[in-house]
Amino acid sequence: MRIPKHGPTSRRVSAAIEPSRQRARFASLGSGKDGSVRSVLVLYVAFVAGGLSAAVLVAVAHG
Amino acid sequence: MRSYLKENGLACFFALLFAGSLVAQSIAGQHSYNAEQSTHGGVTVGWWEYVTDIDFWGAVMENWQSEFLQFAVFIGATVWLVQRGSNESKKLEDVGFETDEEQRVGARAASSSPLWARVGGFRTTLYSHSLLLVMGSIFLASWLAQSLNNWQSFNASQREHAASAVSWPRYLVNPDFWERTLENWQSEFLAVGVLVVFTIYLRQRGSPESKPVGAPHDETASSG
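The listed protein sequences correspond, in order, to chains A and B. Okay, so the first sequence: first residue is 1 according to my numbering, each after it adds one. Okay, so the second sequence: first residue is 1001 according to my numbering, each after it adds one.
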């Protein structure tokens, strides 16, 4: 990582440390209690996306 | 597994209700469709044929759009409007988007706050309204899907009666589309209004959708 000439701005700091923070957050969401919560989110997103996709596809197919 | 079901009981319960109701709707809908076809000397259809038909998805989307509209409007309205005594309202003095400290965003966020609540700028602004944006988007998408299915169904009926088909933009101003839309909206808005007002005076012990049983009628924004 290139070190900014005049010291890191707050934006560069956040850009630099965000990936590791995100990895930590996703790692915690992917396991244990948070992981189970995430699985119900995936289920409901699948319900909504599946229903909307099917409805549009059927309408277009009958067009 | 037992732990999973306990921690996700609400989501699993409603997922089962949703899936069961959708399957039951498709079976009842197929029988109703076939009964009508028989009455008019038409061809009956199998279950798969029915669930890949515009009539079924038009009916499904009619209800979806109104439900997501209901919640989107409720989420947005409760930012700015309050109801004295209601469990569904926030406190009368909290009208508006509230302070960063109250909402725990930006510099006021905790280390355990979601990343996009902490970083500030556009991402925090977007995340601050993400629930309304997503619910509103699902409403618009399902309303669009309803209009496409109802439009095809309307034109099929027009052809059966030797009448001319209409374009999709013209169907959007047709009374058929608005009757199908508004018959669902009116019931959703009534149900939300009833919930807002009835929670002032009525209680359900143990439910967060109610005030505590002993809470005074004029106590606002308290969960039991």
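By construction, the Cβ of each residue, glycine as well, lies at the ideal position given by its N, Cα and C atoms.
Roughly how many angstroms lie between the CA atoms of B/E1183 and B/L1022, to the nearest whole one?
-> One-based indexing of the second sequence puts residue 1183 of chain B at position 183. One-based indexing of the second sequence puts residue 1022 of chain B at position 22. Spanning the two alpha carbons is a distance of roughly 20 Å.
Could you name the residues of chain B that A/A46 contacts, counting a contact when the two beta carbons are closer than 9 Å?
-> Taking the first residue of the first sequence as position 1, residue 46 of chain A is located at position 46. Ordered by position in chain B, no residue passes the 9 Å Cβ test against A/A46, which lies about 10 Å from the chain.
For B/M1001, which of helix, strand or coil comes out of DSSP?
-> The residue you call residue 1001 of chain B lines up with position 1 of the second sequence. Coil, per DSSP.
For B/R1180, I'd like the list of residues in its chain whose CB is within less than 7 Å of its CB, leaving aside the five on either flank, ordered along the chain.
-> If you number the second sequence from 1, residue 1180 of chain B lands on position 180. Only E1062 and N1150 meet the Cβ criterion.
Buried versus exposed, by CB contacts within 10 Å (16 or more), B/S1207 = Within the second sequence, residue 1207 of chain B is the residue found at index 207, counting from 1. B/S1207 should be labelled exposed.
How about A/G51: is its C-beta nearer than 8 Å to some C-beta of chain B?
-> The count along the first sequence starts at 1 and reaches residue 51 of chain A at position 51. Contacts with chain B at 8 Å (Cβ-Cβ) include A/G51.
Alpha carbon to alpha carbon, how far is A/G51 from B/V1079? Give it in angstroms, no decimals.
-> The count along the second sequence starts at 1 and reaches residue 1079 of chain B at position 79. The count along the first sequence starts at 1 and reaches residue 51 of chain A at position 51. Near 30 Å, if we compare the C-alpha coordinates of A/G51 and B/V1079.
Partners in chain A for B/M1061, counting only beta-carbon separations shorter than 7 Å = One-based indexing of the second sequence puts residue 1061 of chain B at position 61. The contacting residues are A55.
Can you list the residues of chain B that A/V37 reaches, using a CB-CB cut of under 8 Å?
-> The sequence position of residue 37 of chain A within the first sequence is 37, counting from 1. Within chain B, the residues whose beta carbon sits less than 8 Å from that of A/V37 are E1007 and N1008, listed in sequence order.
Starting from the C-beta of B/L1132, find all residues in its chain whose C-beta is less than 8 Å away, skip the five residues before and the five after it, and write them out in chain order.
-> Walking along the second sequence from the start, residue 1132 of chain B turns up at place 132. Answer for B/L1132: A1072, I1075 and G1076, listed in chain order.
Under 8 Å between the Cβ atoms of B/G1106 and B/T1125?
-> The residue you call residue 1106 of chain B lines up with position 106 of the second sequence. The residue you call residue 1125 of chain B lines up with position 125 of the second sequence. For B/G1106 and B/T1125, no; Cβs fall outside 8 Å.
Cβ of B/W1057 within 8 Å of Cβ of A/A61?
-> As a working note, residue 1057 of chain B is residue 57 in the second sequence. As a working note, residue 61 of chain A is residue 61 in the first sequence. Not in contact: B/W1057 and A/A61 (Cβ atoms no closer than 8 Å).
Which whole-angstrom value is the C-beta distance of B/L1092 and B/T1220, which I expect to be below 8 Å?
-> Residue numbering aside, residue 1092 of chain B sits at position 92 when the second sequence is read from its first letter. Residue numbering aside, residue 1220 of chain B sits at position 220 when the second sequence is read from its first letter. Yes, they are in contact, since the Cβ atoms of B/L1092 and B/T1220 sit about 6 Å apart, within 8 Å.
Tell me whether B/R1118 is buried or exposed, calling it buried when 16 or more other Cβ atoms sit within 10 Å of its Cβ.
-> By one-based count along the second sequence, residue 1118 of chain B stands at place 118. Buried: at least 16 other Cβ atoms inside 10 Å.
Is DSSP giving B/F1122 helix, strand or coil here?
-> Reading the second sequence from its first residue, position 122 is the one you call residue 1122 of chain B. In this structure, B/F1122 counts as helix in the three-state DSSP scheme.
With 8 Å set as the bound, which would you pick, yes or no: does the beta-carbon of A/V40 sit closer than that to a beta-carbon of chain B?
-> If you number the first sequence from 1, residue 40 of chain A lands on position 40. Answer yes: the Cβ-Cβ gap between A/V40 and chain B drops below 8 Å somewhere.
From the beta carbon of B/I1027, is the nearest beta carbon of chain A less than 8 Å away?
-> Translated into the one-based positions of the second sequence, residue 1027 of chain B becomes position 27. So, not an interface residue.
Step through the CB atoms of chain A and report whether any lies within less than 8 Å of the CB of B/Q1152.
-> Your numbering for residue 1152 of chain B matches position 152 in the second sequence. It does; some Cβ of chain A falls within 8 Å.
What does B/T1052 touch in chain A if you count any residue whose Cβ is under 7 Å from its own?
-> Within the second sequence, residue 1052 of chain B is the residue found at index 52, counting from 1. Within 7 Å Cβ-Cβ: V58.
Alpha-carbon to alpha-carbon, B/G1136 and B/A1156 = In the second sequence, the residue the question calls residue 1156 of chain B occupies position 156. In the second sequence, the residue the question calls residue 1136 of chain B occupies position 136. B/A1156 and B/G1136 have their C-alpha atoms roughly 30 Å apart.
Contact list for the region 1014-1047 of chain B against chain A, Cβ threshold 7 Å | A1015 and F1018
Counting pairs of Cβ atoms below 8 Å between the region 1197-1207 of chain B and the region 1166-1180 of chain B, do you hit three or more?
-> no
Exposure of A/Y44, with buried meaning 16 or more beta-carbon neighbours within 10 Å | Mapped onto the first sequence, residue 44 of chain A falls at position 44. Counting the other CB atoms within 10 Å of its CB gives A/Y44 a total below 16, which places it among the exposed residues.
With B/Y1033 and B/V1045 assumed to form a contact (beta carbons below 8 Å), what rounded beta-carbon distance in angstroms separates them?
-> Here residue 1033 of chain B corresponds to residue number 33 of the second sequence, with the count starting at 1. Here residue 1045 of chain B corresponds to residue number 45 of the second sequence, with the count starting at 1. That belief holds up - the Cβ atoms of B/Y1033 and B/V1045 are roughly 7 Å apart, short of 8 Å.
State buried or exposed for B/G1085, treating a residue as buried only when at least 16 other CB atoms are found within 10 Å of its CB.
-> Position 85 of the second sequence, counted from the first residue, corresponds to residue 1085 of chain B. That one is buried.
Segment limits, alpha helix (DSSP H) that includes B/A1031 | The sequence position of residue 1031 of chain B within the second sequence is 31, counting from 1. Residue identity check: residue 1031 of chain B is His in the sequence provided, not Ala. Element bounds for B/H1031: G1009 to T1039.
What are the boundary residues of the alpha helix (DSSP H) that includes B/A1077?
-> Walking along the second sequence from the start, residue 1077 of chain B turns up at place 77. Segment I1054 to W1080, the alpha helix (DSSP H) holding B/A1077.
B/R1159 in three-state terms, based on DSSP | To locate residue 1159 of chain B, count along the second sequence from 1; it is residue 159. Residue state, collapsed to three classes: helix.
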